[in-house]
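**Q** Residue numbers (my numbering): 4 to 267. Before we start, here is the structure in question, set down as structure tokens.
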Ligand SMILES: O=C(O)CCC(=O)C(=O)O
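The following block contains the structure:
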């Protein structure tokens, strides 16, 4: 990655758009999601998708993505989670202003989230909006007192008083990705288009970052060395929808929800 891109990430708290896949490749990966949905039902916001499907594993280890992640986190990279975030066509689902790391229970912020578009994510379909520079002051106060069934976030958590005039929209064509820091304030509006908005959210951490809320979280080394061994080792999918892998993922999904779905 040219030095200017890394500088841009450090300054803004995000990088967008980055070309990863061709449109045709993105469509192929979209079909993988939809085939799996056809077989096992909705996949929106479920954790650890790379352990049950080959497509998200291939994407989370894509050299074009890891090259950028390495510039941000360094040579040692753990894949922490993969999850599809799907807004159906013409639906009110939205994401309130928040910072990812607020409820993740991590003891450091050497973390980066990638959002890879598998369909068009633009202003009409509810692409992400980011507040440039909002990552520099760390955690802001989040309010969880207003549950909203249309809010994608587990706790409808939100930061109040964000000046939306400062927001930058991050439109992505299928196959493009954005990268954002865990303290970057971001949100997204409903999908007002006639197509589904499908993104794969891929979260990476540096191996020295610990999960402090509950034991038993797992991760997968995707580059370099893990000298810390804080996480249970994951097995990536070698075929799609293996029954043992489905069962394992279900348990980890519950653990993930107990961690990320609870304040404190
Ligand atoms: O998919 C969206 O609209 C929001 C995603 C998000 O909040 C994230 O990737 O951290």
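Think of the CB as a built atom: it goes at the ideal place given N, C-alpha and C, for glycine as much as any other residue.
State the CB to CB distance for the pair residue 194 and residue 86, rounded to an integer number of angstroms; the pair is presumed to be in contact (CB under 8 Å).
**A** Within the chain shown, numbered from 1, the residue matching residue 194 stands at position 191. Within the chain shown, numbered from 1, the residue matching residue 86 stands at position 83. Contact doesn't hold; Cβ gap of about 17 Å is too wide.
**Q** How many whole angstroms separate the CB atoms of residue 102 and residue 185, which I take to be in contact at a CB cut-off of 8 Å?
**A** Here residue 102 corresponds to residue number 99 of the chain shown, with the count starting at 1. Here residue 185 corresponds to residue number 182 of the chain shown, with the count starting at 1. Indeed they touch by this definition, with Cβ atoms about 7 Å apart.
**Q** Could you check where the alpha helix (DSSP H) with residue 58 kicks off and where it finishes?
**A** Mapped onto the chain shown, residue 58 falls at position 55. Unbroken alpha helix (DSSP H) run through residue 58: 57-63.
**Q** Relative to the C-alpha of residue 257, which residue among 36, 50 and 29 is closest?
**A** Here residue 257 corresponds to residue number 254 of the chain shown, with the count starting at 1. If we check each option's Cα against that of residue 257, 50 comes out closest.
**Q** Can you determine whether any heavy atom of ligand 1 sits closer than 8 Å to the C-beta of residue 139, and answer yes or no?
**A** Walking along the chain shown from the start, residue 139 turns up at place 136. Answer for residue 139: no, Cβ out of range of ligand 1.
**Q** Counting along the chain, where does the alpha helix (DSSP H) carrying residue 250 start and finish?
**A** What you label residue 250 is simply residue 247 of the chain shown in a count that begins at 1. Counting along the chain, the alpha helix (DSSP H) containing residue 250 begins and ends at 246-263.
**Q** In chain order, what are the residues with a CB under 7 Å from some non-hydrogen atom of ligand 1?
**A** One residue after another in chain order, those with a Cβ under 7 Å from a heavy atom of ligand 1 are 88, 90, 98, 101, 103, 116, 118, 129, 131, 155, 183, 189, 191, 202 and 204.
**Q** Report the rounded CA-to-CA distance for residue 105 versus residue 117, giving the unit in angstroms.
**A** Against the chain shown, residue 105 aligns to sequence position 102. Against the chain shown, residue 117 aligns to sequence position 114. Approximately 17 Å between the Cα atoms of the pair.
**Q** For residue 35, name the three-state secondary structure that DSSP assigns.
**A** Position 32 of the chain shown, counted from the start, is the residue given in the question as residue 35. Three-state result, residue 35: helix.
**Q** Just to confirm before moving on: does the CB-CB distance between residue 76 and residue 237 stay below 9 Å?
**A** By one-based count along the chain shown, residue 76 stands at place 73. By one-based count along the chain shown, residue 237 stands at place 234. No, the Cβ-Cβ distance between residue 76 and residue 237 is not below 9 Å.
**Q** When we look at the beta-carbon of residue 173 and count the other beta-carbons within 10 Å, is it buried (16 or more) or exposed?
**A** Counted from its first residue, the chain shown places residue 173 at position 170. Burial call: buried.
**Q** For residue 24, collect the residues of the same chain with a Cβ closer than 6 Å to its Cβ; drop the 5 residues on either side in sequence, then sort them by chain order.
**A** Taking the first residue of the chain shown as position 1, residue 24 is located at position 21. Cβ within range, chain order: 178.
**Q** Compute the Euclidean distance between the alpha carbons of residue 44 and residue 34, then round it to the nearest angstrom.
**A** Position 41 of the chain shown, counting from 1, holds the residue named residue 44. Position 31 of the chain shown, counting from 1, holds the residue named residue 34. For residue 44 and residue 34, the distance between alpha carbons rounds to 14 Å.
**Q** Could you have a look at residue 66 and say whether DSSP puts it in helix, strand or coil?
**A** On the chain shown, position 63 is the one that residue 66 refers to. DSSP places residue 66 in helix when its eight states are reduced to three.
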